[in-house]
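Note sheet for the following structure.
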Amino acid sequence: MLRHGPLSLKPFLISLLHETYDDKQANLQMTDLKALAAEYSMRLDDVVSTLIDLANEGGWHYQNEHGESTTLSEELSEGGVRLSDSDLNKMTGSWSPVIAEEG
């Protein structure tokens with residue numbers, strides 16, 4: 001993933017996102033992502049673009065503000081382009097990992 005530079009932050013971010021979700025026991029909101037980014041001195045758009053990648057890969061869900069599962073545009077995660085404040089402000093929903101059913 002080029003947007004994260006030569007040393008990918010993605011595995012670290014994935015672990016942090018799962019830990020944050022497990023601690024909260026609820027979907028992650030933008031306020032949670034902002035707090036996570038601030039706590040670890042990371043760019044918010046790196047955190048969100050990782051979640052977009054995970055959602056597009058099927059590992060996480062994004063739900064809009066009405067609780068409906070929503071597919072995010074592939075354009076948001078293409079080509080190493082940083083997400084703008086406008087892009088981030090449009091994400092008013094919540095995020096949760098896909099829970100595999102046992103059985």
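At position 23 of the sequence shown (counting the first as 1) the number is 23 in UniProt numbering, and the numbers step up by one without a gap. Backbone N, C-alpha and C fix where the C-beta goes; we use that ideal spot for every residue, glycine too.
Cutoff 8 Å; reference residue i; Cβ partners in own chain excluding five residues on either side
{"i": "Leu9", "result": "Met42, Asp46 and Thr50"}
{"i": "His18", "result": "Pro97"}
{"i": "Thr20", "result": "Leu28, Asp32 and Leu36"}
{"i": "Leu88", "result": "Met30, Leu44, Asp45 and Val48"}
Residues sharing a beta bridge with residue i, DSSP
{"i": "His61", "result": "Ser96"}
{"i": "Ser73", "result": "According to DSSP, Ser73 bridges with nothing at all."}
{"i": "Leu28", "result": "Trp95"}
Rounded straight-line distance, which links the Cα of residue j to that of residue i
{"i": "Thr92", "j": "Leu72", "result": "12 Å"}
{"i": "Met1", "j": "His66", "result": "Because Met1 carries a pLDDT of 44, less than 50, the predicted location of this residue cannot be relied on, and the following value inherits that uncertainty. Cα to Cα, the separation comes out at about 31 Å."}
{"i": "Tyr40", "j": "Ala26", "result": "21 Å"}
{"i": "Lys90", "j": "Ser15", "result": "25 Å"}
{"i": "Asn64", "j": "Lys34", "result": "18 Å"}
{"i": "Ala100", "j": "Leu13", "result": "20 Å"}
{"i": "Pro11", "j": "Glu57", "result": "14 Å"}
{"i": "Asp22", "j": "Ser94", "result": "14 Å"}
Cutoff 7 Å; reference residue i; Cβ partners in own chain excluding five residues on either side
{"i": "Leu83", "result": "Asp45, Val48, Ser49 and Leu76"}
{"i": "Ala55", "result": "His61, Tyr62 and Leu72"}
{"i": "Gly59", "result": "Pro97 and Val98"}
Same chain, Cβ closer than 6 Å to residue i, five either side skipped, listed in chain order
{"i": "Asp85", "result": "none"}
{"i": "Ser69", "result": "His61 and Gln63"}
Enclosing alpha helix (DSSP H) for residue i [first to last residue]
{"i": "Ser86", "result": "Asp85 to Asn89"}
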